[in-house]
Amino acid sequence: MDKIFLDAREMEHPEPLQSSLFHLKSMSDEAYLYMLNIRKPVPLLEIAKEKGFFSLVVQDSNEIWHILISKNSEIRLEELLDV
Amino acid sequence: MFNQGGLSLEQAPPISVVLRFFVTASIFGILLGIFLIVDGLGLSSSLTGNKSVLITHILALGVMASFMLGSLFQMLPVIAGVVIAMPTQKATVVHLLFVVGLFIQLYAFADSSIPLLYFLASAYLGIGLLYALYLMLKELIQIKDHSSSSKGMIFSLVSFLLTIILGIYLLLSLGGYLDGLLFLRVKEIHYSFALFGWISLLIISVSFQVIEMFYVTPKYPIWMSTYLTMGIFTLLFFKSMAIFMAFEFQFITVILTVLFMLYAGTTIHRLYRRKRPTSDATVWFWRLGMGLFITSMLITLLDVFTEINLEVKMFSYLAFIGFVLSIIFAMTYKIVPFLTWFHLSNQGYIEAPMMHDIVHPKTVKKHFYIHGTMLISFGFSLFFDLIFFDLLSAVLLLLSFGWLLYNLIFAIKKYHYTQKYTERFEW
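For the protein sequence lines, the chains are R and Z, in the order given.
Position 12, counted from 1, in the first sequence is what the working numbering calls 12; the numbers after and before it change by one each time, with no gaps.
Position 209, counted from 1, in the second sequence is what the working numbering calls 209; the numbers after and before it change by one each time, with no gaps.
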């Protein structure tokens, strides 16, 4: 399983969206995106949903959002969550 | 492009909806520059009589309202989370009525001998702007869980609504359709709601969301983001009542100016605490804008307590205009490249230009230098009665909006070029 890690906590808008879309476009069935952000990336999640991706979004106790996105429905994202 | 409701493909209005207003605003800015050059006047000598009204309305409506309408057509569906159905058609109606109405109004100000022009101006501008406000406020008030930005925008747009209604009264009075007994009082309230309500509250509301998001800064103090816009609107309401009833209102002016300075100082402080401080001219625009806002409010505050000469008062107006234009430029140079990239990227164009390819940061810096020099030149034209500074200011104003228009056209051409000549990717 290939983990594409993206720490967007200190990225200025719209860098998180640009970077994550770049990764999604070239993502293989064996990979998933693991993104950290200080806010819930609603546009990204809506685009991912529109394009048929699967996502998991969790906010941890430090108010950091963990966003996991994969193309493959068989990838169990909740097992890959690192909170 | 804002985080609350998200920008989905269905919600995002076509890019043309936004850009038509931005291009219109740039053209009005250019026309203002040409007007000042042709007339052979600088700011110092033109702020008297009808010319001042003419210039004020080219700036306030032609430039500022155009940018505001374009930005709001973009932002409100996102913030409200509700789709404005048929945005292109509705924006076209608003745009046409607005532009036609504004030209008629300017012509009426230039040649006040034709009463019908005032009536037509109030009809076209009134219907166009009230329709736009209806579309926007209708969506905004439906929000169940308001953010500080969406709440502030309601206060800003209600202020704009009052500005328009009072403006219609003023136009009909000038045309002789109303007796105009309250003309001077209404005029003062009209300006008060326009400058401190509509424009200032809109900038404050937007900044609560974009400063933190665009520049990764600490959040505004909770009391400020929660209560400031409501407090300012309430004070403006009481100030208007006081003006209307010919009561003393200077203490309200004092509170308002202090609140505005507090806000601007906080914004500058936030920008200095960016987590990734890079060289970004849009930040320079924000800092300059906030510095000018403080300058303008400080002079207004001093004017309450001491005698201030005309040039310094004029400088306060200039600083306010500089403040608004600085924020407009900062926002435009963030919005346009983002929207161009966003729309192309989501239409599936693999080679969608990145934001830096659409408007290069150096291009924005050049605009900042032009804008800064223009403001300095206008400042000199107030204090030194030299035709050189008058003309230089006008040329720089023309150059500033010409530069912006060039960048907008470049972005539009890049958008169409990418659609026409690059490969689409289905993902």
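C-beta atoms are modelled at their ideal positions from N, C-alpha and C, and glycine is treated no differently.
- Following the DSSP letters along the chain, one finds A31 of chain R in no alpha helix (DSSP H) but inside the beta strand (DSSP E) bounded by residues 31 to 37.
- By alpha-carbon distance to D2 of chain R, the top candidate from R:Q59, R:E74, R:D29 is R:D29.
- Leaving aside the five residues that flank A121 of chain Z on each side, the residues in its chain whose CB is nearer than 6 Å to its CB run, in chain order, G101, I104, Q105, A108, L171.
- One Cα belongs to Y177 of chain Z, the other to I165 of chain Z, and the distance between them is close to 15 Å.
- In terms of Cβ geometry, L404 of chain Z and H356 of chain Z do not form a close pair [threshold 8 Å].
- Ranking Z:P115, Z:Y421, Z:L157, Z:F233 by CA distance to the CA of Y131 of chain Z puts Z:L157 first.
- Unbroken alpha helix (DSSP H) runs of no fewer than 4 residues, entirely contained in the stretch 245 to 331 of chain Z, are found at 250 to 272, 281 to 305, following chain order.
- Against chain Z, a Cβ distance below 7 Å from H13 of chain R picks out M213, F214.
- Near chain R, meaning a CB-to-CB distance below 9 Å, the residues of the stretch 257 to 282 of chain Z are R274, K275, R276, T278, D280.
- Judged by their CB atoms, S296 of chain Z and F323 of chain Z are nearer to each other than the 8 Å cut-off.
- Cβ atoms of P218 of chain Z and R270 of chain Z come within 8 Å of each other, at about 6 Å.
- The residue among Z:L174, Z:Q74, Z:R424 with its C-alpha nearest the C-alpha of S113 of chain Z is Z:L174.
- Residue-level contact check: I75 of chain R does not touch chain Z, since none of the beta carbons of chain Z fall below 8 Å from its beta carbon.
- Only exposed fits Y406 of chain Z, as fewer than 16 other CB atoms lie within 10 angstroms of its CB.
- Among the CB atoms of chain Z, none fall inside 8 Å of the CB of K3 of chain R.
- In the structure shown, K3 of chain R adopts extended strand secondary structure according to DSSP, grouped into three states.
- A straight-line Cα-Cα distance of about 30 Å links I327 of chain Z and I64 of chain R.
- Contact between the stretch 124 to 140 of chain Z and the stretch 178 to 188 of chain Z is absent: fewer than 3 CB-CB pairs across the two stretches fall below 8 Å.
- In this structure, T267 of chain Z lies near S207 of chain Z, with their beta-carbon atoms less than 8 Å apart.
- Taken atom to atom, the span from the alpha-carbon of I294 of chain Z to that of M261 of chain Z is near 5 Å.
- The DSSP-derived three-state label of F54 of chain R is strand.
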